[in-house]
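Residue numbers (our numbering): 42 to 266.
From the three backbone atoms N, C-alpha and C, an ideal C-beta is built for every residue, glycine too.
One structure below.
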Amino acid sequence: MAELVFFSGTMDCGKSTLALQTDHNHASRGRSGLVFTQHDRAGQSTISSRLGLTSPAREVLADLDFHALIVNELSAGRRVDYLICDEAQFYTSDQIDQLALIVDSLNVDVFAFGILTDFRTRLFPGSARLIELADRVEVLQVASLCWCGRRGTHNARTVDGVVVMEGDQVVVGDIGTGVVSYEVLCREHHRRGVTAAGSGREHHSRQPLPFHDDAGVLEKFPTQE
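Next comes the structure, spelled out in structure tokens:
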């Protein structure tokens, strides 16, 4: 039986790498699949991994009907055994419904990959619908790390290096009012808006930590100027 599987995690946890590996594994066993993505860092119609791997893909536009596309492919005599759907958080809720219908009515496997929440810690519509419909939700085990060394759990957006909590859900590149970038942070540093660039100031502002010496006397590390 075909399945709709959602592989999820934060940025930098290897989702696109796994998408490319999944496509390779199935193709090497003689299965025929189609690869999709949206808003990839490398540009349109490409899946790219931070490890440097890339592959051509079909760009998912807002008006794409997945079910109609696959029906047309099959009607034309082309074989489709599975779909790889990267950056699935950007897909519309209707498109996720179409992917589920492909699994149920056409017996085609769908492997979707994406992050759960945006820079405001709100669920993306595509991810929310995948959680509601997927046969399985797999959390990727490669942990992204915050600059402090703790597990990265939140995707932060910065404009000119400053964490922002308001704005459009999807923004890529220069927005005219500042340079936009993204960084994975732990919950605490996302809440406080402390990025890697600001961590030096954060570190030096902390008070020295106490410790016990061999004699059991409570002392402190000296403050370094």
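| Asked | Found |
| --- | --- |
| Length of the line joining the Cα atoms of ASP176 and ALA68 | 22 angstroms |
| Unbroken stretches of the alpha helix (DSSP H), 4 residues or longer, contained in the region 79-152 | 107-116 and 134-147 |
| ARG242, DSSP secondary structure in three states | Since pLDDT at ARG242 reaches only 45, below the 50 mark, its modelled position is unreliable, and no value is offered. |
| DSSP-derived helix/strand/coil call for LEU174 | helix |
| Cβ-Cβ distance between GLY202 and ALA238 below 8 angstroms | yes |
| C-alpha distance - GLY118 paired with LEU157, whole-angstrom precision | 36 angstroms |
| GLU224, buried or exposed, once every other Cβ within 10 Å from all chains shown has been counted against 16 | buried |
| Given SER57 as reference, the closest of PRO97, CYS227 and VAL205 once Cα atoms are compared | PRO97 |
| Boundaries (first-last residue) of the alpha helix (DSSP H) holding ALA184 | Element bounds for ALA184: n/a, residue is neither H nor E. |
| Chain-order list of residues whose beta-carbon lies under 7 angstroms from that of LEU142 (same chain, five-residue window excluded) | HIS108 |
| Where THR63 sits in the DSSP three-state scheme | helix |
| According to DSSP, residues forming a beta bridge with HIS195 | LEU226 |
| Reduced DSSP category for THR51 - H, G, I as helix; E, B as strand; rest coil | coil |
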